[in-house]
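Numbering (our numbering), first residue to last: 444 to 607.
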């Protein structure tokens, strides 16, 4: 009888551990030890001159990509969020629950900027899901609106990414 209880307890512990690992792997819960910051350098595609350096929060799980910047009140120049996808594809970003305007920089698998969209925040009576911006990308960099123009970023420029 006691042996049976021990076996059931061990089975329950193993089951909880397996579920915890799956939840972490799927990105449904953020582990406290995850490194979520990095640096993105934007360089001129023709000359290689540095145009900007952006300190970024990294969104590399499904949950982080879904939340994005919606839990931020603003961004300063030189700050942003880098969205990391497994592969290059047509990506559509929306302005869900956003409180401020942003530039959305789409970057292909080779690190080349394919498009820059200037996105406004939704009005109080608008659903940000309707404000859609698309581009071909493996990475998407979001920065304060106007920052791309101020720094001279344009399609054809390249980014260099450092993060863990």
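Even glycine gets a Cβ: it sits at the ideal position worked out from N, Cα and C.
Here the alpha carbon of residue 495 sits roughly 11 angstroms from the alpha carbon of residue 586. Separation of residue 515 and residue 600 (C-alpha to C-alpha, rounded to the nearest whole angstrom) is 27 angstroms. The beta carbon of residue 596 is closer than 7 angstroms to those of 485, 494, 495, 548, 556, 559 in its chain, skipping five residues each way along the sequence.
A contact is defined here as three or more CB-CB pairs under 8 angstroms, and the stretch 517–524 fails this definition with respect to the stretch 561–571. Taking the Cα positions, residue 487 is about 47 angstroms away from residue 461.
Taking 8 angstroms as the cut-off, the beta carbon of residue 539 is found closer than this to the beta carbon of residue 571. Counting only unbroken stretches of 3 or more residues, the beta strand (DSSP E) elements lying wholly within the stretch 527–583 are 545–550, 556–562, in sequence order. DSSP, read as helix, strand or coil, puts residue 453 in helix. Inter-residue distance for residue 561 and residue 590 is about 10 angstroms (C-alpha atoms, whole angstroms). Residue range 505–510 is occupied by the alpha helix (DSSP H) that includes residue 508. Residue 576 sits close to residue 536, with the two beta carbons spaced by under 8 angstroms. Judged by beta-carbon spacing, residue 580 lies within the 8 angstroms limit of residue 531, meaning their Cβ atoms are closer than that value.
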